[in-house]
Every structure is written in structure tokens, then in C-alpha cells.
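Student: Under the numbering used here, the residues of the sequence shown are numbered 47 to 293, in order. Glycine included, each C-beta is placed from N, C-alpha and C at the ideal position. What follows is a structure written as C-alpha cells; I'll ask about it next.
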Amino acid sequence: MYDVAIKTEGLTRRFGDFTAVDQISFEVKKGEIFGFLGANGAGKTTAMRMLTGLLMPTEGQAEVAGFDVYKQAESIKKSIGYMSQKFSLYNDLTAEENIRFYGGVYGIGRNELPQKTDEVIDSVGLQSVRKKPVESLPLGWKQKLAFSISILHQPKVVFLDEPTGGVDPVIRRQFWEKIYEIADRGITVFVTTHYMDEAEYCDRVSIMVDGKIEALDTPKGLKQSFSCDSIEEVFIQLARSAERGQG
Ligand SMILES: Nc1ncnc2c1ncn2[C@@H]1O[C@H](COP(=O)(O)OP(=O)(O)OP(=O)(O)O)[C@@H](O)[C@H]1O
47 MYDVAIKTEG LTRRFGDFTA VDQISFEVKK GEIFGFLGAN GAGKTTAMRM LTGLLMPTEG
107 QAEVAGFDVY KQAESIKKSI GYMSQKFSLY NDLTAEENIR FYGGVYGIGR NELPQKTDEV
167 IDSVGLQSVR KKPVESLPLG WKQKLAFSIS ILHQPKVVFL DEPTGGVDPV IRRQFWEKIY
227 EIADRGITVF VTTHYMDEAE YCDRVSIMVD GKIEALDTPK GLKQSFSCDS IEEVFIQLAR
287 SAERGQG
């Protein structure tokens, strides 16, 4: 049993002369909801790709679910869920077919799959459209489906890269209820978002500026240290010093 779900020490990634992620060090506890904030280009996705075993670091250390990113990337991939910004649902397959496909990829047995599929369909409320191609579904439903698929195999840690981008506040709220549910079940949630109200829902929040983690604390702690009323204000204070494009 481990209590630390993610641990990094001086984790760095360079592309040529450019340092996308610069010596980041932090720990995330099991079952924690950890918000990973930063302006566009701050280095969040690059960091997340290293932590999910998809990209080799240039230097530094990192462990996810007890596995080393250099030596045990395959074990990491089996222990985590990942919902990328361009979530990877197959548009021409139905909701049901997507669940079955990913269930197979994640190694869920044939006997278990029909029940798992029904559970996901019910949890997302997709009963009436389960046999429709995913491309015909509204964005919010696609996102909820992609999220449910990312936790299909009961991962220890789930990485959510802007899971609520572009959806309305009601769906965002429902999304966050689901995030709380899985954290209560002991799944660690590592989430990036551009919505600052969502940062307030996290247990702890880190803010990245130009590849470095400039602040890390509970939302309350961050507001106190920066003498701000909201995380949005803290974020703006820090992002002001960023040199990278805010595109
Ligand atoms: N494969 C690559 N080669 C060269 N530069 C890269 C590569 N991947 C990312 N970068 C650069 O690294 C920096 C950090 O990018 P990254 O996508 O990690 O930022 P981000 O914080 O996730 O931004 P966003 O919020 O826009 O997704 C950017 O300047 C980006 O152009």
C-alpha cells in the first residue's frame, strides 16, 4: 500500500534548447484532487505526458502509483486513466462500442464487459443514445463518456487534461460531482483546468509559470499567502510575470 500517488523531484523536459518543464518537485497523496494550473504554454501537458509514461523526462525523478517513469512506464500506463484534451473517442463508433473497445484495451474480461458497459451508460445517462455514433452527441456528453471510460479499469490515478473545456456550467458541476465520487473511492485525481472556479474545488492546487511551479497549496492557503479573495486573482498575479506566449 502506498500513500503517495505521484512524486516528482526536479522533473525536467527540454526540447532542444527550450525547457518546457523546469525542475518541478511535488507530491500528490492517494485520493487527493490535485489541480494543475498554468497559462497556455506553461508546460502542463508536457508534465502530464511525462507522468503518464508517454514522454521521457530529460532529467529528474518521478514515480506514479509507485512506479518509476523511466523504468516502469508500461506498469504506469496500466495503473492510470488519462483523458487527454483531444479525448480519444472514436466518432464513428457508438457510445456502447467505444466502451467495449476501451474495455478490451484495458483488459476487462468478456464476461464483465456487458455489465461494465451498462454501468457506464447509466452513470453518464446515455441510455437513449447508446446506439448512436458518438459524433452525434453534444460535447458535454462526449466528455462525460470519455471520463467514464478513463476510469473503466479502476485506475489508481486518473489524469484529466481540461476535462470540462467548452462545456456549460451545469455539466461542469455534474462533472465535478463525479470527480468527488471517484476521489472518495480512493482514486487520485490530477486535473488541469482553465476555469478558476474549478481550482477552488481541488484539495490542493499548483500554479505553473514558464515551466516552473511557482505556487502550491490548498486553495485557502494560496489565497492567504497572496492576499487574494479568489484563486483567479492569485493566478493573474503569477501569470503576469510569465514570459511565454499566452496564446
Ligand atoms: N514536442 C515539442 N517540441 C517542441 N516544443 C514543445 C513540444 N511540446 C511542447 N512544446 C512547447 O513546450 C511549451 C509547453 O507546452 P505545453 O503543451 O506543455 O503547455 P500547456 O501548459 O499544456 O499549455 P496549454 O494550456 O495551451 O495546453 C510550449 O511552449 C510548447 O510550444
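Residue ranges of each beta strand (DSSP E) run of no fewer than 3 residues wholly in the segment 135-180, ordered along the chain?
Tutor: none
Student: Using only the heavy atoms of ligand 1, determine whether one of them is closer than 6 Å to the beta carbon of GLY155.
Tutor: Every heavy atom of ligand 1 is 6 Å or more from the Cβ of GLY155, so no.
Student: Considering only DSSP beta bridges, list what ALA261 is partnered with.
Tutor: ILE253
Student: Could you give the first and the last residue of the continuous alpha helix (DSSP H) run that contains SER121?
Tutor: Membership of SER121 in the alpha helix (DSSP H) is indicated by the continuous run 119-125.
Student: Of the choices ASP263, GLU208, THR54, ASP243, whose alpha-carbon is the least far from that of PHE113?
Tutor: THR54
Student: Please list the segments of the alpha helix (DSSP H) lying wholly inside the segment 77-121, counting only runs of 4 or more residues, in order along the chain.
Tutor: 90-97
Student: Return the Cβ separation of ASP249 and ILE52 in integer angstroms, given the expectation that the two are a contact with Cβ distance under 8 Å.
Tutor: Contact doesn't hold; Cβ gap of about 13 Å is too wide.
Student: Nearest to ILE233 by CA position, among VAL74, LYS202, LYS123, is which residue?
Tutor: Among VAL74, LYS202, LYS123, the Cα nearest to that of ILE233 belongs to LYS202.
Student: Who does ILE277 pair with in a DSSP beta bridge?
Tutor: Answer by DSSP bridge pairing: none, since ILE277 is not bridged.
Student: For a test of your reading of the model: does the CB of ALA245 fall under 6 Å from any non-hydrogen atom of ligand 1? Yes or no.
Tutor: no
Student: Roughly how many angstroms lie between the CA atoms of ILE277 and PHE72, to the nearest whole one?
Tutor: 19 Å
Student: For ligand 1, is there a heavy atom less than 6 Å away from the beta-carbon of ALA108?
Tutor: no
Student: Can you find a heavy atom of ligand 1 that lies under 6 Å from the Cβ of GLY99?
Tutor: Not under cutoff, so the answer is no.
Student: Looking only at its chain, what residues have a beta carbon closer than 7 Å to the beta carbon of PHE61, apart from the 5 residues adjacent to it on each side?
Tutor: No residues qualify anywhere along the chain.
Student: Ligand 1 and LYS294: does the residue's C-beta get closer than 6 Å to at least one heavy atom of that ligand?
Tutor: Beyond the ends of the chain as shown, which are 47 and 293, falls residue 294; an answer cannot be given.
Student: From the DSSP output, in three-state form, read off ALA288 for me.
Tutor: coil
Student: Given 6 Å as the limit, tell me if GLY66 has its C-beta closer than that to any heavy atom belonging to ligand 1.
Tutor: It is worth fixing the name first, because residue 66 is Ala in this sequence and not Gly. ALA66: yes, Cβ under 6 Å from ligand 1.
Student: At the level of alpha carbons, what is the spacing between ASP3 and GLU208?
Tutor: In the structure as shown, the chain begins at 47 and stops at 293. Residue 3 is therefore absent and cannot be evaluated.
Student: Around the Cβ of LYS188, are there at least 16 other Cβ atoms within 10 angstroms (buried) or fewer (exposed)?
Tutor: buried
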